[in-house]
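There are 4 protein chains.
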Amino acid sequence: MTMTDGLGSRSWAVPGGGIPFPSQPDEPELTGADVLCVLNTGDEPAELRLTVYYADQDPVGPYRISVGARRIRHVRFNDLIDPEAIRLGRPFGWVAESQVPVVVQMTRQVTRIPGALALCSVIAFAGS
Amino acid sequence: MTMTDGLGSRSWAVPGGGIPFPSQPDEPELTGADVLCVLNTGDEPAELRLTVYYADQDPVGPYRISVGARRIRHVRFNDLIDPEAIRLGRPFGWVAESQVPVVVQMTRQVTRIPGALALCSVIAFAGS
Amino acid sequence: MTMTDGLGSRSWAVPGGGIPFPSQPDEPELTGADVLCVLNTGDEPAELRLTVYYADQDPVGPYRISVGARRIRHVRFNDLIDPEAIRLGRPFGWVAESQVPVVVQMTRQVTRIPGALALCSVIAFAGS
Amino acid sequence: MTMTDGLGSRSWAVPGGGIPFPSQPDEPELTGADVLCVLNTGDEPAELRLTVYYADQDPVGPYRISVGARRIRHVRFNDLIDPEAIRLGRPFGWVAESQVPVVVQMTRQVTRIPGALALCSVIAFAGS
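The structure is reproduced here in structure tokens:
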């Protein structure tokens with residue numbers, strides 16, 4: 038059996054991260070969030086190492102995220118806690134590196150105005 | 038007569054899919070939806086094979102989508118039923134493969150908060 | 038004096054066009070619109086030829102759009118009338134071709150729900 | 038010690054800029070804004086030169102923006118004042134050039150309808 042490489046790239050970057058704050062407290066699905074979305078079309082699990090960059094301190098990481106072979110995974114930055122939680126409302130950027138090719142997207146949901154909902158999404162910038 | 042290749046790529050990927058749920062029930066045009074948009078500028082019909090990837094099970098597909106020569110097609114993921122419907126609110130990703138070059142975009146409309154409307158869109162990641 | 042080429046590409050494509058309809062009638066700046074945004078950083082005026090593709094008929098065009106040297110231009114698809122106006126609410130896609138390199142983006146504003154506003158934007162897919 | 042180049046490109050462009058106007062006056066964090074987001078993963082500070090292009094006059098710049106080694110920076114176009122402030126509501130485009138590779142994104146927040154919030158974001162077009 039041969040492993041086949043999946044679609045995509047081994048490094049991905051997003052400069053414009055931030056966990057929207059405040060957000061609607063009552064419904065968990067309406068919490069403001071940046072969501073990291075990973076697609077691994079290959080035959081081998083992807084082991085991602087995420088590094089978070091800030092305006093005023095050294096980068097923090099790696100956050101480790103596994104995505105099974107032929108699987109997706111959507112992870113809220115709000116839920117990343119190891120090595121440390123990301124402070125709400127603080128600007129950041131990030132780089133995700135994987136030992137196998139994957140495709141990476143970021144989607145943001147903002148609910149800070151009651152009764153309003155805003156979304157944006159980008160395919161991350163693909164490095165080498 | 039010679040067939041001329043159209044603009045684009047033969048494989049496209051989006052990691053961050055999901056059919057927004059719940060959504061406003063009364064007006065069909067306001068239903069929450071992920072929409073797959075395909076542009077075929079070439080002289081030959083494009084026969085797309087769409088594979089849907091999940092977090093916790095094997096991929097499902099191919100969903101078959103035809104786009105005529107020099108035509109576009111906008112397909113709501115909500116309307117894909119063969120080989121099986123996509124469950125509302127469940128995270129997914131997808132790969133679209135075509136035997137001829139096409140250009141592929143994904144646009145999402147979310148209407149889960151009454152009186153609010155949110156949109157996002159990405160040009161899919163172009164593979165080889 | 039030598040002409041210097043600007044940044045970008047000579048052909049650009051967007052599969053997911055559509056002029057949002059209905060929209061708020063009172064304020065012209067809040068009309069639902071797809072906006073074509075062109076940046077010409079070069080020393081020569083860009084003469085764009087826009088072709089609009091549909092799901093169920095042959096493409097229409099060229100729509101001609103000029104963008105001066107070292108200038109931008111933002112054009113609402115709603116305002117394109119020659120060779121013919123684009124019907125509101127009808128799905129389309131498009132290709133913009135220029136004799137010199139330019140950069141092209143599409144931004145959509147939707148105001149079909151009173152009191153709500155939705156935006157999305159993509160850098161168009163760059164062809165050769 | 039050797040300097041290592043960071044991820045990305047040395048020139049980036051966005052055709053579809055504009056500072057949304059009017060916007061909600063009371064809360065500074067809800068002001069309508071285009072935000073330039075830069076990620077510098079390299080070992081050397083990035084010195085960006087931003088040139089702003091208009092529809093009806095010569096480009097203005099350079100606006101100078103520094104981003105430390107292994108840092109991000111999010112800058113609102115509203116806050117750029119040297120060589121001159123950017124008029125609210127006026128269409129523009131821009132090119133950001135850096136002496137070292139960086140990754141650049143633009144995110145827009147629109148609050149012109151009271152009680153509504155709209156967002157859009159693009160990774161800028163990467164030049165050479």
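Protein chains in written order, with the working numbering: chain A, 38 to 165; chain B, 38 to 165; chain C, 38 to 165; chain D, 38 to 165.
Using N, Cα and C, we set each Cβ at its ideal position, and we do this for glycine too.
Should residue i go down as buried or exposed, given a rule of 16 or more other Cβ atoms within 10 Å for buried?
i	result
B/Asp95	exposed
C/Glu64	exposed
B/Gln142	buried
C/Gly126	exposed
D/Pro151	exposed
C/Ile118	exposed
C/Met38	Note that C/Met38 scores a pLDDT of 45, beneath 50, so its modelled location is shaky; the value from the coordinates is reported in the next line. Exposed, since its Cβ has fewer than 16 Cβ neighbours within 10 Å.
To the nearest angstrom, report how far apart residue i and residue j are at their CA atoms.
i	j	result
B/Arg110	B/Leu44	15 Å
B/Ala50	C/Gly53	16 Å
C/Leu154	D/Asp93	28 Å
A/Pro82	B/Val89	17 Å
A/Glu66	B/Val132	26 Å
A/Ile123	D/Phe114	26 Å
D/Ser48	D/Pro120	20 Å
A/Val97	A/Arg86	11 Å
D/Val140	D/Gly79	11 Å
C/Ala161	C/Gln136	17 Å
B/Gln61	D/Pro99	47 Å
B/Ser165	B/Ser46	7 Å
B/Ser103	B/Val112	10 Å
D/Arg149	B/Ala163	35 Å
B/Val159	B/Gly130	13 Å
C/Pro59	D/Gly55	24 Å
D/Tyr91	D/Cys74	21 Å
Chain A beta carbons: is any one of them nearer than 8 Å to that of residue i?
i	result
D/Ala133	no
D/Leu154	yes
D/Ile102	no
D/Gly45	yes
B/Ala83	no
Does any residue of chain C bring its CB to less than 8 Å from the CB of residue i?
i	result
D/Val140	no
B/Leu87	no
B/Leu117	no
B/Val75	yes
D/Ala106	no
D/Phe169	The shown model of chain D, from 38 to 165, leaves out residue 169 of chain D, and the question about it has no answer.
Cα-Cα, which of the options is closest to residue i?
i	options	result
B/Asp71	B/Val139, B/Pro128, B/Gly152 and B/Ser165	B/Pro128
B/Cys157	C/Ala163, C/Arg145, C/Leu117 and C/Ile150	C/Arg145
D/Glu134	D/Pro57, D/Ala122 and D/Arg101	D/Arg101
B/Pro57	B/Ala163, B/Val147, B/Ala161 and B/Ile160	B/Val147
C/Ser42	C/Leu76, C/Gly55, C/Gln61 and C/Thr68	The question names Ser, yet the displayed sequence has Asp at residue 42 of chain C. With distances taken between Cα atoms, C/Asp42 lies closest to C/Leu76.
D/Pro138	D/Arg149, D/Gly55, D/Thr68 and D/Arg108	D/Arg108
B/Ser116	B/Thr68, B/Gly105 and B/Tyr91	Note that residue 116 of chain B is Asp in the sequence shown here, rather than Ser. Among B/Thr68, B/Gly105 and B/Tyr91, the Cα nearest to that of B/Asp116 is on B/Thr68.
C/Glu84	C/Gly105, C/Tyr91 and C/Arg149	C/Gly105
Quick check: is the beta carbon of residue i nearer than 8 Å to any beta carbon in chain B?
i	result
A/Ser158	yes
C/Ile109	no
A/Thr41	no
C/Arg124	no
C/Pro52	yes
C/Arg113	no
C/Gly130	yes
C/Ile150	yes
C/Ser60	no
Residue i CB to nearest chain D CB: under 8 Å?
i	result
A/Ala95	Per the sequence shown, residue 95 of chain A should be read as Asp rather than Ala. Taking Cβ atoms only, chain D reaches closer than 8 Å to A/Asp95, which makes this a yes.
A/Arg127	no
A/Ala70	no
C/Met38	In this prediction, C/Met38 scores a pLDDT of 45, lower than 50, which makes its location untrustworthy; the coordinate-derived value is nonetheless stated afterwards. Not one chain D Cβ lies under 8 Å of C/Met38.
A/Val137	no
Secondary structure, beta strand (DSSP E): runs of 3+ residues fully inside the region 40–83 of chain B: 46–54 and 70–77
Sequence ranges, alpha helix (DSSP H) only - wholly within the region 75–139 of chain C, length at least 4: none
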